[in-house]
Amino acid sequence: RNEGLMAALAGVILQPGFLSMFKAQSLANVVWAYGRLRAVDEVLMVAIAKRVMQDGFLSTFNSQDIASVAVGYARLGVTNDDLTKALAERTMQDGFLDTFTPKEKSDLSWAFLKLGVKDKALIAALRTRT
69 RNEGLMAALA GVILQPGFLS MFKAQSLANV VWAYGRLRAV DEVLMVAIAK RVMQDGFLST
129 FNSQDIASVA VGYARLGVTN DDLTKALAER TMQDGFLDTF TPKEKSDLSW AFLKLGVKDK
189 ALIAALRTRT
């Protein structure tokens, strides 16, 4: 990985107003990519978490977006209890879990466990087959 490139990218993303232009998939892809590269930038991850929880933005996330964000944070080892709780609540919204593929459920289960989620009902629901 190119740490200079990742730092420069974070610098651009953190410019005032830039994050508000991201759609759910774009934001999820950024988190997933930083996680995949293990490019920890806590300032960026705090800003992204705040954006995810703003103005009903999380309601625009599909199952893949939720899984990508959770996996990204888990790979980075960056915990944000408010974000994790919000992702869990979105996952458990009526009928939403039915939209997850088996892989997304598996990835999300791993991420939530890695992030310290102890919600037994959530973990059990993620283990059900589609």
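Every letter in the sequence shown is one number past the one before it in this note's numbering, and letter 81, counting from 1, is 149.
Virtual Cβ for every residue (Gly too), placed ideally from N, Cα, C.
Q: Determine, using beta carbons only, whether Gly140 comes closer than 8 Å to chain C.
A: Absent from the structure: chain C. Only one protein chain is present.
Q | First through last residue of the alpha helix (DSSP H) which encompasses Pro84 | A | No alpha helix (DSSP H) contains Pro84, which DSSP labels as neither H nor E.
Q: Compute the Euclidean distance between the alpha carbons of Gln93 and Ile134, then round it to the nearest angstrom.
A: Their backbone Cα atoms lie some 9 Å apart in a straight line.
(Q) Which residue wins for smallest C-alpha separation from Asn130, given the options Gly72, Thr159 and Ser88? (A) Of the candidates Gly72, Thr159 and Ser88, the one whose C-alpha sits nearest the C-alpha of Asn130 is Thr159.
Q: Return the CA-CA distance between Asp175 and Val139, expressed in angstroms with no decimal places.
A: Near 7 Å, if we compare the C-alpha coordinates of Val139 and Asp175.
Q) Start and end of the alpha helix (DSSP H) containing Leu190? A) It spans Lys188 to Arg195 - the alpha helix (DSSP H) in which Leu190 sits, taken as one unbroken run.
Q: Closer than 8 Å by C-beta to Leu87: which residues in its own chain qualify, once you throw out the five before and the five after it? Chain order, please.
A: Closer than 8 Å at Cβ, skipping near neighbours: Ile81, Leu95, Ala115, Ile116 and Arg119.
(Q) Can you find the residues in the same chain that come closer than 7 Å, C-beta to C-beta, to Asp187, ignoring five residues on each side of it along the sequence? (A) Apart from the 5 residues on each side of it in sequence, Asp187 sits with its Cβ closer than 7 Å to the Cβ of Ala156 in its chain, given in chain order.
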